[in-house]
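Those protein sequences? They're chains A and B, same order as listed. Residue numbers for the first sequence follow the numbering used here, beginning at 29 and rising by one. Residue numbers for the second sequence follow the numbering used here, beginning at 9 and rising by one. Don't be surprised by glycine CBs; every beta carbon is placed ideally from N, CA and C. These numbers come from a predicted model, not from an experiment.
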Amino acid sequence: MNAPAQPVGAAAVDRPVLRDFLRREHRFLRRPLNLWSRGLLVLAAVAVAVAALLPLWQIRLVAPQYQEGLTLQIYAHKLVGGNNGQDLNEINNLNHYIGMKPLVQADFLEMRWVPFALGIFALLALRSAAIGRMISLIDLGVLFLYFGAFSLGSFYFRLYTYGHELDVHAAMRIKAFTPVMLGSQQIANFVQTSLPQSGALLLGIFPLLIGAAVWCSRKEEP
Amino acid sequence: MTMKMLRHFIAPAAAAGTFLLFAGCNPPGKSASAAAQTAETSSAAARTWVAPGDKDEFYLFYSGGHSGQVFVAGLPSMRHITTIPVFGRYPGTGYGYDEETKKMLGDYTWGDVHHPGLSKTDGLYDGRWLFVNDNANNRIARIDLRDFKTRQILGPIPNSMGNHGSSFVTENTEYVLVATRFSVPLPKGRYADPNDYAKEFNGAVSGIRVDPKSGEMSVGWQIITPPFDWDLGSTGKGPSSGWAFWTSYNTEMAHDQLEANASQGERDYAAIVNWRAAEAAVKAGRATLLDGVPVLDPAKVPGVLYYLPVPKSPHGIDTDPSGRWIVASGKLQPIASVFDFTKIQAAIEKKDFESEFRGVPVIRHDAVLEGEVPVGLGPLHTQYDGKGNAYTSLFIESAVAKWKMPPWTAEERADLNKVVLDKITVHYNIGHLVIGGSETRQPYGKYLVAMNKLSKGRHLSVGPSQPEDSELIDITGQKMAVLYETFTEPEPHFAQILKADAIKPIEVYPKAENTDPDAVWDAKDTGVTRHGHVVEVKMIAIRSHFTPDRIDAQEGDELVIHVTNVEQTPDMIHGLGIVEQNVNLVIDPGETKTVRLTMKKPGVFPFYCTNFCSALHQEMQGYLAVKPATVATAP
Numbered sequence: 029m030n031a032p033a034q035p036v037g038a039a040a041v042d043r044p045v046l047r048d049f050l051r052r053e054h055r056f057l058r059r060p061l062n063l064w065s066r067g068l069l070v071l072a073a074v075a076v077a078v079a080a081l082l083p084l085w086q087i088r089l090v091a092p093q094y095q096e097g098l099t100l101q102i103y104a105h106k107l108v109g110g111n112n113g114q115d116l117n118e119i120n121n122l123n124h125y126i127g128m129k130p131l132v133q134a135d136f137l138e139m140r141w142v143p144f145a146l147g148i149f150a151l152l153a154l155r156s157a158a159i160g161r162m163i164s165l166i167d168l169g170v171l172f173l174y175f176g177a178f179s180l181g182s183f184y185f186r187l188y189t190y191g192h193e194l195d196v197h198a199a200m201r202i203k204a205f206t207p208v209m210l211g212s213q214q215i216a217n218f219v220q221t222s223l224p225q226s227g228a229l230l231l232g233i234f235p236l237l238i239g240a241a242v243w244c245s246r247k248e249e250p
Numbered sequence: 009m010t011m012k013m014l015r016h017f018i019a020p021a022a023a024a025g026t027f028l029l030f031a032g033c034n035p036p037g038k039s040a041s042a043a044a045q046t047a048e049t050s051s052a053a054a055r056t057w058v059a060p061g062d063k064d065e066f067y068l069f070y071s072g073g074h075s076g077q078v079f080v081a082g083l084p085s086m087r088h089i090t091t092i093p094v095f096g097r098y099p100g101t102g103y104g105y106d107e108e109t110k111k112m113l114g115d116y117t118w119g120d121v122h123h124p125g126l127s128k129t130d131g132l133y134d135g136r137w138l139f140v141n142d143n144a145n146n147r148i149a150r151i152d153l154r155d156f157k158t159r160q161i162l163g164p165i166p167n168s169m170g171n172h173g174s175s176f177v178t179e180n181t182e183y184v185l186v187a188t189r190f191s192v193p194l195p196k197g198r199y200a201d202p203n204d205y206a207k208e209f210n211g212a213v214s215g216i217r218v219d220p221k222s223g224e225m226s227v228g229w230q231i232i233t234p235p236f237d238w239d240l241g242s243t244g245k246g247p248s249s250g251w252a253f254w255t256s257y258n259t260e261m262a263h264d265q266l267e268a269n270a271s272q273g274e275r276d277y278a279a280i281v282n283w284r285a286a287e288a289a290v291k292a293g294r295a296t297l298l299d300g301v302p303v304l305d306p307a308k309v310p311g312v313l314y315y316l317p318v319p320k321s322p323h324g325i326d327t328d329p330s331g332r333w334i335v336a337s338g339k340l341q342p343i344a345s346v347f348d349f350t351k352i353q354a355a356i357e358k359k360d361f362e363s364e365f366r367g368v369p370v371i372r373h374d375a376v377l378e379g380e381v382p383v384g385l386g387p388l389h390t391q392y393d394g395k396g397n398a399y400t401s402l403f404i405e406s407a408v409a410k411w412k413m414p415p416w417t418a419e420e421r422a423d424l425n426k427v428v429l430d431k432i433t434v435h436y437n438i439g440h441l442v443i444g445g446s447e448t449r450q451p452y453g454k455y456l457v458a459m460n461k462l463s464k465g466r467h468l469s470v471g472p473s474q475p476e477d478s479e480l481i482d483i484t485g486q487k488m489a490v491l492y493e494t495f496t497e498p499e500p501h502f503a504q505i506l507k508a509d510a511i512k513p514i515e516v517y518p519k520a521e522n523t524d525p526d527a528v529w530d531a532k533d534t535g536v537t538r539h540g541h542v543v544e545v546k547m548i549a550i551r552s553h554f555t556p557d558r559i560d561a562q563e564g565d566e567l568v569i570h571v572t573n574v575e576q577t578p579d580m581i582h583g584l585g586i587v588e589q590n591v592n593l594v595i596d597p598g599e600t601k602t603v604r605l606t607m608k609k610p611g612v613f614p615f616y617c618t619n620f621c622s623a624l625h626q627e628m629q630g631y632l633a634v635k636p637a638t639v640a641t642a643p
């Protein structure tokens with residue numbers, strides 16, 4: 029255990045360790061997927077496809093005179109007010125007092141590309157199940173995490189924009205705000221609660237299924 | 009400890025307070041322990057207590073008498089919830105100010121609503137419509153219980169004068185049956201000397217047909233009668249299905265000093281009407297047209313009308329839930345006569361008649377009478393709880409008598425005093441009384457509401473114009489118990505009680521159902537257009553603005569405003585009041601209303617939302633700018 033010997037020794041050990049890791053990584057990426065993993069991938073494809081049809085997020089507003097609450101369901105492809113759509117009109121009507129832009133489905137570009145992207149993910153999951161290679165799972169997982177992070181960021185940006193671009197000519201002037209994305213907050217007489225819905229939970233399950241598929245085939249030999 | 013002892017032992021002031029508290033519940037001559045009284049009072053409070061935010065169990069639809077309206081209260085709280093305007097203008101809801109309701113009211117400014125009748129299917133309330141009569145102007149109106157709005161006023165009904173004997177709804181709402189209180193020379197508009205009353209004057213029983221889908225009413229047929237003053241009635245069911253009954257109080261056919269002259273006979277004739285036979289006779293072409301209505305002469309069409317003598321100056325005639333027993337009571341005789349419809353049918357079959365009046369058989373009274381129950385002084389109306397008990401209002405006695413319906417035991421039959429089970433004092437001079445569903449096959453039998461004509465001394469003094477008194481009576485026990493007392497504006501006669509869950513009214517008019525061709529829903533479709541001297545405005549009202557909020561016109565123009573409340577939120581009601589123009593529209597969410605008016609004077613007239621809507625309600629205003637005519641005609 030003498031000190032001078034260590035750098036030499038470390039360098040000597042380093043190279044084979046890295047080489048070994050890369051070799052193992054290469055071997056790992058070439059592992060085939062067993063039946064369990066393929067099954068999980070089919071489930072993942074179903075989950076992401078069903079998520080495209082289910083509500084992703086709900087925003088709910090409750091005030092003394094709105095005990096029954098005003099709800100807004102956000103889907104991948106549409107914006108739906110509670111009470112047969114009437115709640116969306118009511119929310120917009122109330123928002124006009126503070127100069128908030130009306131929430132109009134046509135303004136949400138996301139509602140065009142997100143359903144398309146979810147379709148792509150379903151197809152990619154099925155493709156991975158069909159070709160049965162570990163490497164495609166890694167592609168799928170990374171792409172999906174990026175998609176998820178981008179979507180949440182975009183959602184937050186929307187909330188921020190609606191709460192900050194208030195018409196200065198509006199009847200009521202309130203301090204710019206960001207509607208809460210997860211949880212509750214008080215805005216004037218309203219308690220706003222924002223929570224993920226069944227669609228978002230399915231999208232959350234998707235990467236877990238991918239991870240499980242990786243885990244199940246981690247020792248498969250080519 | 010009795011009241012008497014309390015008053016001996018407690019300081020005079022406290023005793024006086026205690027006495028005042030209990031005086032109302034403790035009829036003179038009866039004594040009850042103070043503790044029992046307290047318990048009773050508190051449980052009465054508990055039984056009528058509907059906590060803030062909670063809802064009542066039943067609707068109570070009071071007729072509003074000569075106010076022309078219908079009052080809606082909740083039971084058991086007795087709270088007045090709303091007023092449904094029917095025959096009179098009602099600024100609170102803008103009724104009678106827009107073109108549609110102005111047209112419905114016509115030239116009359118009031119009506120006299122007496123007897124509301126709920127629509128029925130298979131002898132049970134179906135919660136679709138409420139029919140009310142107008143005693144004053146011979147009309148009948150239909151209120152839709154989907155939105156609690158008056159949807160049709162029919163009349164004045166031809167050949168019908170004094171529409172008091174209605175609105176009696178048949179088992180499946182085939183007809184609302186109507187009888188005349190007054191008689192005149194027919195057709196209306198014909199002159200005859202009132203001295204020739206018996207010869208020249210006639211009354212009528214009318215079948216007002218109801219369209220089973222839309223509820224639209226039309227005059228189906230009439231039976232022309234002698235000039236008796238027909239009074240209250242009821243429709244049959246079960247064995248008496250297809251029949252209807254009315255009392256009358258002027259078989260004497262007096263035309264003056266009726267107070268005495270119409271009270272001479274010991275019995276007056278009740279009408280026993282086979283309305284199905286009348287309907288069939290009209291179909292068979294046996295009617296003649298009188299003032300556009302197919303009318304039947306009962307002497308020429310046997311089987312549609314019979315008379316039954318009833319003592320004395322009778323008022324109410326009420327069919328029981330089984331349809332077998334018919335109870336009529338004479339105001340001037342302290343009994344309720346119980347008639348057996350199966351015996352009436354047998355008498356008709358056997359022609360067991362005591363005489364004939366103008367070609368109409370008079371059924372032998374004793375052949376069809378089941379018994380005369382000594383209920384008390386001034387019996388008027390009878391209601392049923394569906395458990396074999398009848399409740400008769402006693403006007404003169406200021407009481408309600410509870411008595412047992414037949415079948416009676418031999419012992420009871422020997423002394424019908426024995427079937428009178430209970431009596432309770434009401435304050436004062438009760439007219440009608442109502443038990444929910446009494447005229448249906450299945451009465452609710454939980455509460456009775458006594459509608460008392462005099463309220464003097466029962467309320468905080470409000471001067472000489474006094475309200476009416478209503479008392480809520482619990483009829484679930486052996487003994488009746490007064491639970492609550494309240495006051496209404498003049499003047500409930502009869503009422504109807506409906507289970508709250510029997511209906512589910514809408515609270516906004518769905519946009520998709522608005523068929524008004526002048527409705528606009530978007531600010532971009534609004535505007536002011538001129539066609540010659542007519543200025544037409546299509547306007548929307550929404551929190552907290554009107555679009556447009558400026559209307560330009562000229563003196564002499566006809567201004568037509570169509571305003572749509574584009575809200576779809578419950579209770580987001582907007583009003584449009586134009587100052588000094590007598591314009592008062594109230595527009596419910598999703599509704600479109602139209603008003604026409606002539607610009608009689610130049611100037612600038614602000615308009616504003618009258619129905620407080622939002623934080624910026626005050627700002628919901630605009631201007632109607634009217635240029636003088638001279639400016640308009642100047643070159």
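Ignore the nearest five residues each way along the sequence and tell me which others in residue i's own chain have a CB closer than 7 Å to its CB.
| i | result |
| --- | --- |
| A/V45 | none |
| B/T484 | K454 |
| A/I126 | L194, A198, M200, I202 |
Does the CB of residue i have a neighbour CB from chain B at under 8 Å?
| i | result |
| --- | --- |
| A/E138 | no |
| A/E118 | yes |
| A/A91 | no |
| A/Q133 | no |
| A/A240 | no |
| A/Q114 | yes |
| A/A199 | yes |
Counting only beta-carbon atoms, is residue i nearer than 8 Å to chain A?
| i | result |
| --- | --- |
| B/I548 | no |
| B/R551 | yes |
| B/Q576 | yes |
| B/Q629 | no |
| B/A43 | Note that B/A43 scores 46 on pLDDT, short of 50, meaning its location in the model is unreliable and no value can be drawn from it. |
As a quick exercise: from the options, pick the residue whose alpha carbon is nearest that of residue i.
| i | options | result |
| --- | --- | --- |
| B/R159 | B/L194, B/G104, B/A212, B/Y205 | B/G104 |
| B/E566 | B/M547, B/G540, B/R558 | B/G540 |
| A/S179 | A/V142, A/L168, A/H54 | A/V142 |
| A/T206 | A/A228, A/H192, A/L63 | A/H192 |
| B/Y314 | B/R372, B/S463, B/N258, B/K519 | B/R372 |
| B/G76 | B/F620, B/D152, B/D120, B/V140 | B/D120 |
| B/S191 | B/P202, B/D276, B/A520 | B/P202 |
| B/G72 | B/E499, B/T577, B/V528, B/T618 | B/E499 |
How about residue i and residue j: do their beta carbons lie closer than 8 Å?
| i | j | result |
| --- | --- | --- |
| B/W229 | B/G173 | no |
| B/V457 | B/A503 | yes |
| B/A561 | B/M628 | no |
| B/A489 | B/D64 | no |
| A/L146 | A/S156 | no |
| B/P451 | B/Y392 | yes |
| B/H501 | B/H88 | no |
| B/G223 | B/R150 | yes |
Any beta-carbon of chain C closer than 8 Å to the one on residue i?
| i | result |
| --- | --- |
| A/N121 | Reference to chain C is not applicable here, since the protein chains of this structure are A and B. |
Quick one: measure Cβ to Cβ for residue i and residue j, integer angstroms, because I've assumed they're closer than 8 Å.
| i | j | result |
| --- | --- | --- |
| B/N167 | B/P195 | 6 Å |
| B/I443 | B/A407 | Not a contact, Cβ separation roughly 16 Å. |
| B/A278 | B/V318 | 5 Å |
Beta-carbon within less than 6 Å of residue i's beta-carbon, same chain only, minus the 5 sequence neighbours each way: which residues are those?
| i | result |
| --- | --- |
| A/M162 | L57, R59 |
| B/A206 | M261 |
| A/Q114 | none |
| A/G211 | none |
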